[in-house]
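Just so we're aligned, residue 788 is where the first sequence starts under this note's numbering, counting upward by one.
What follows is a single structure, written as structure tokens, with notes after it.
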Amino acid sequence: MPEGPSLYILKELLTDFPGQDIVRADGNVRAVDPARLVGQRIVAIRTWGKHLLIELPELVLRVHFLLFGTWRINERREDKVPRLSIETAAGDELNLYACAIKEIDRATFEAYDFSADVMSEEWDPKQARKKLRAQPDMLACDALLDQDIFSGVGNIIKNEVLFRIRVHPLSTVGALSAPKLRALVIEARQYSFDFLEWKRQYVLKQHWLAHAKRICPRCDIPFHKANLGRSNRRSFWCERCQKRYG
DNA sequence: AGGAGTGTTGTGGT
DNA sequence: CACCACAACACTCC
């Protein structure tokens, strides 16, 4: 469940946790000693793209769910041992599974640039365009997955955004017209919020137009499918309606 | 049953 | 040093 919108939903589900004291912490996490968390108060919970940040007085936990990570709130999976399980004085419980958890230092925490997070109120499209213009040779399919530019965008969003704006994944960023570059940035956020709403309604998959699809819904011809770019991730595109720039 | 994938990091080779 | 390919991680679904 790891693209930005899913983390946004997770953060919403955790609104009761800030201000609460941790009374129990355990799990098979290796990089952090759960015992250290006991007695600390949860100061804040934030997300940056696909990162969940749990701020405590003495440390900040960075949780990344990678490809397979899951969570349960006020319930447990019967079949899996949590990577980390936290219980608060009020009896709320957060269980994290199959994720990468590490402690980050204060400076790293404070250096997070929320203007790069497509889900953030601080999202700054102008900054994103500036970063894109600075890397003209970068492929469109790589640009969208670059977490320093579009934090929170994952492979599904990548494919859907490129389809929406009719841009071929192998286009170079520098060859995009100003309006296309603008559209890329606008849709990266817009689609992410569409993703969010569909995810809430459990109807995300049925709204996919390109990702994992075989036929272009606009042209009714087969999509092309290949692992493209430096990221070498799955791309689905229509040779007829997605123009290749550059 | 086997394989692929909503992701990232680290290692080792060229 | 830059760039790459690939492994590892770990789970669900087709």
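Yeah, the Cβ is synthetic: ideal placement off N, Cα and C, and Gly gets one too.
For clarity, every value in this text was computed on a predicted model and none was experimentally measured.
By the Cβ rule, the region 1011-1027 counts as touching the region 946-960, because three or more pairs are nearer than 8 Å. In summary, Ile-888 is buried, with 16 or more beta-carbon neighbours lying within 10 Å of its beta-carbon over all protein chains present. Under a 10 Å Cβ-count criterion, Phe-804 is classified as buried, with 16 or more other Cβ atoms of the shown protein chains found around its own Cβ.
For Leu-957, there is no enclosing alpha helix (DSSP H), as DSSP marks it with neither H nor E. By DSSP's assignment, Asp-808 forms a beta bridge with Arg-828. Spanning the alpha carbons of His-851 and Ala-975 requires a straight line of approximately 21 Å. Your pair Ser-958 and Ala-927 checks out as a contact, with CB atoms roughly 4 Å apart and the cut at 8 Å. The Cβ-Cβ distance between Glu-890 and Val-825 does not fall below 8 Å. Contact fails between the region 904-921 and the region 868-881, because fewer than three Cβ pairs, one in each stretch, are under 8 Å apart. Asp-924 sits in coil when the DSSP states are folded into three classes, being neither helix nor strand.
The Cβ neighbour count for Gly-806, taken over all protein chains shown within 10 Å, is under 16; the residue is labelled exposed.
At the C-beta level, Leu-797 and Leu-839 come within 8 Å of one another. When C-alpha distances from Leu-971 are compared across Arg-953, Arg-1001 and Asp-879, the shortest belongs to Arg-953. Nearest C-alpha to Ile-860 among Pro-1004, Lys-986 and Glu-799: Glu-799.
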